[in-house]
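Data first, discussion second: the structure below is written as structure tokens.
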Amino acid sequence: MPPPTTAGTLPNRALHARLLRSGALDADPSAAAPLAASAANSSLPYALSLLRAHPSTFSYNTAIRSLAHGPRPHLAVALYRSMLLGPLSNPNNYTYPPLLAACARLLPASSPTPAAAPGTAVHASLFRRGLDSRDRFIGASLLSFYAAAGDLPAARQVFDASPPGQRDLPLWNSLLHAHLSQGFYAHVLRLSRQMPAADEVTLLALVSACSHLGALDTGRWAHASYARTRRSTTRNLGTALLNMYMRCGDVESAWSVFRETLDKDVRTWSVMIAGLATNGLPRDALALFAEMKNTGVDPDSITMTAVLSACAHAGMVDEGKKFLDCMPVEYRVQPTIEHYGCVVDLLGRAGQLDEALALIKTVPFKADVVLWGALLVACRVHKNVDMGEMAAMEILKLDPQHAGACVFLSNVYADAGKWDLVQGVRSSMKEHKIYKPPGSSIVELNGVVYEFLSGDRSHPQSDRIYAMLDEICKTLSLKGHKPSTKEVTFDVDEEDKEVCISQHSEKLALALGLISTTRGDVIRIVKNLRICEDCHSVMKIVSEVYDRVIVVRDRNRFHHFKNGSCSCLDYW
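Taking my numbering, I'd label the letters of the sequence shown as residues 103 to 674.
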């Protein structure tokens, strides 16, 4: 029975008939390759009939490559299995790179399991053929597959097994991006220093790692090194550099990159607008948005999220609501739940909690954790305990494992001295294995990245760090600062609470920064959680007394501390 005919196979059948009549397929079976590749995504049975009638390794490889990059990559694996059954179509080194790319695409989006993936079977197959260590392209494809599967040890094993002479730049880049994809940003920095050369792919990985770590010195060095090669900066690289400088809090360098980028697209404008908003320059962000419109670049959904965020940071309630209302007509962008979340944040910042709650109840989507979370933050700032408790409960209905909502409830009960309820929340968290991630802070000094946990004493200069902490505490006392211990949710005496907050990770990073810098220098700290109220107050005082600019990036935004004030205007 002939395979079914589809609209996509009709031109192929006509060409197939001409090739048969001319005898070209009998003379050279590989002539079926373009036919099979074209038909593979529209009618696999027809492609298989072609390949079985005129088998050749080249034709199978061409069809596998087409399927691997098409909408149904699992068919590439099915075609490979068919290929193994034919005596005249033995896989070779050109078969496996696209096949492994297809296997990587087939990995589940969450909790990839390489042991259950077809990619491991493909690896075993090419190992039996002795191809796994002889071809650098296969090595890079294997490494990329294991990186996508989240199996870094296997990826590193593939790299180490390759002959030193074959460890070219693409293979190094694959290893670099493998670590980047799994969040091992410090490893990316270390690996980059071992590489014999670098190209744009290398720099993109390095700049991305610097963005996450807040490693500005390393990012600047990488940018300068690339600039010395006199290679032109592509749009992708320019946008990545812009993002890196913004995420490190260096707005001036970001402006420089932005102005030098000639071929700006909507992503470039959006990154700049969002960066200005989160760095405490919302009015500059809105001015840039107006400039963007004047240049004829149409905003997209990400741009409008940045614009609404800028309105929230500037306290421009009416303007933010107008932007939301006119998005579908003026900008042809349909509001998403992220946009509504920005407006909830906008209303919450302005203290309009009832209107924020009303908006959540009327959005044309089912309210998610982000919407309720924006309201929860506003309730914490404006001390609306009842509404905050309700928002926390709604979050826990949607996500019973949400640590932030549990911590909020625990803090509220602790502030009210209801230690029995605090213990109840903690017991529930323990029972359901809900863990708040430990606070950690990163500071980069002279190109070296240091990470601290609360109470950390692992640093070689630990004695000097804690001596500086003592000095800071004495200075704060002279300035009339009283430690804010309300976020310490343990039923212990006040003195123990003060000791606990004095050793927060960002304070340790600050102390190292103070003993490693001089007056007028900038100390940059990245905190994985929201900065606490006491640390925020301490940073303001230290910036004035010790004459430092302190830039802290926490989970939500940037805080630029200078001369005793903060860019966030004490709302975060």
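Using N, Cα and C, we set each Cβ at its ideal position, and we do this for glycine too.
Cβ separation of residue i and residue j, assumed to be a contact under 8 Å, to the nearest whole Å
i	j	result
Glu646	Gly666	4 Å
Ala206	Phe247	5 Å
Val479	Gly450	7 Å
Pro446	Ile462	The displayed chain sequence assigns Val, not Pro, to residue 446. With a Cβ gap of about 6 Å, Val446 and Ile462 count as contacting.
Leu671	Met641	Not quite, the Cβ-Cβ distance comes to about 14 Å (not below 8 Å), so this is no contact.
Ala165	Ala149	6 Å
His281	Leu318	Contact flag wrong, Cβ pair sits at about 20 Å.
Leu500	Asp470	7 Å
Alpha-carbon spacing of residue i relative to residue j, whole angstroms
i	j	result
Gly549	His662	21 Å
Leu616	Tyr648	8 Å
Trp357	Val290	26 Å
Ala218	Ile603	Low confidence applies here, because Ala218 scores a pLDDT of 46, under 50, leaving its location unreliable; read the following figure in that light. Their backbone Cα atoms lie some 46 Å apart in a straight line.
Gly267	Asp237	11 Å
Tyr673	Leu201	51 Å
Ser639	Cys668	9 Å
Lys576	Asp386	39 Å
Asn658	Thr405	18 Å
Ala392	Ala507	38 Å
Leu498	His504	6 Å
Arg332	Pro265	32 Å
Pro214	Ala249	Residue placement at Pro214 is poorly supported in this model, since its pLDDT is 47, which falls under 50; the coordinates are not used for a value here.
Leu473	Ala379	19 Å
Tyr196	Met429	49 Å
Glu496	Leu511	12 Å
Gln284	Gln259	16 Å
Thr107	Leu344	In this prediction, Thr107 has a pLDDT of 44, which is less than 50 and means its spatial position is unreliable; what the coordinates show is noted afterwards. Taking the straight line joining both Cα atoms gives about 51 Å.
Pro298	Leu271	8 Å
Pro199	Asp234	11 Å
Val545	His606	14 Å
Asn163	Gly321	41 Å
Ser355	Ser294	23 Å
Asp521	Ile439	It is Trp, not Asp, that sits at residue 521 in the sequence shown. Their backbone Cα atoms lie some 37 Å apart in a straight line.
Val483	Ala251	41 Å
Ala408	Met374	9 Å
Leu177	Met394	44 Å
Val509	Leu390	38 Å
Val419	Cys637	29 Å
Leu210	Ile625	Reading off the sequence shown, one finds Pro at residue 210, where the question assumed Leu. So the alpha carbons of these two residues sit roughly 41 Å apart.
Gly422	Ala458	13 Å
Ser579	Val644	12 Å
Ala203	Gly221	9 Å
Boundaries of the alpha helix (DSSP H) in which residue i is found, first to last residue
i	result
Arg643	Here the sequence assigns Ile to residue 643, which means Arg is not the residue at that position. Run containing Ile643: 635 to 647, per the alpha helix (DSSP H) assignment.
Val483	471 to 484
Ala324	318 to 330
Val309	302 to 315
Gly377	368 to 380
Cys350	Careful: Cys350 lies outside any alpha helix (DSSP H) and carries neither H nor E.
Gln259	254 to 263
Val435	Looking at the DSSP string, Val435 is not in any alpha helix (DSSP H), and its letter there is neither H nor E.
Ser669	From DSSP, Ser669 is part of no alpha helix (DSSP H); its letter is neither H nor E.
Tyr162	159 to 170
Ile536	First-last for Ile536: undefined, no H or E at that position.
Pro266	Taken as a continuous stretch (DSSP letters only), Pro266 belongs to no alpha helix (DSSP H), as it is neither H nor E.
Leu228	220 to 230
Met492	487 to 500
Asn275	271 to 283
Thr464	455 to 464
Lys395	384 to 396
Gln296	287 to 296
Tyr196	Where Tyr196 is concerned, there is no enclosing alpha helix (DSSP H), given that its DSSP letter is neither H nor E.
Range of the contiguous beta strand (DSSP E) that encloses residue i
i	result
Glu533	Unbroken run through Glu533 is the alpha helix (DSSP H), 521 to 533; no beta strand (DSSP E).
Glu546	542 to 547
Glu553	550 to 555
Val624	624 to 629
Phe660	660 to 664
Arg655	651 to 655
So does the stretch 296 to 311 actually touch the stretch 526 to 537, counting three or more Cβ pairs closer than 8 Å?
no
Inter-stretch contact (C-beta, 8 Å, three-pair minimum) for the stretch 624 to 642 and the stretch 557 to 564:
no
If we count Cβ pairs, one from each stretch, closer than 8 Å, do we get three or more for the stretch 235 to 249 versus the stretch 276 to 284?
yes
Any contact of the stretch 394 to 405 with the stretch 420 to 438, i.e. 3+ C-beta pairs under 8 Å?
yes
Under 8 Å: do the stretch 185 to 205 and the stretch 156 to 164 share three or more Cβ pairs, one atom per stretch?
yes
I'd like to know if the stretch 369 to 389 and the stretch 410 to 422 are in contact, where contact means that at least 3 CB-CB pairs between them fall below 8 Å.
yes
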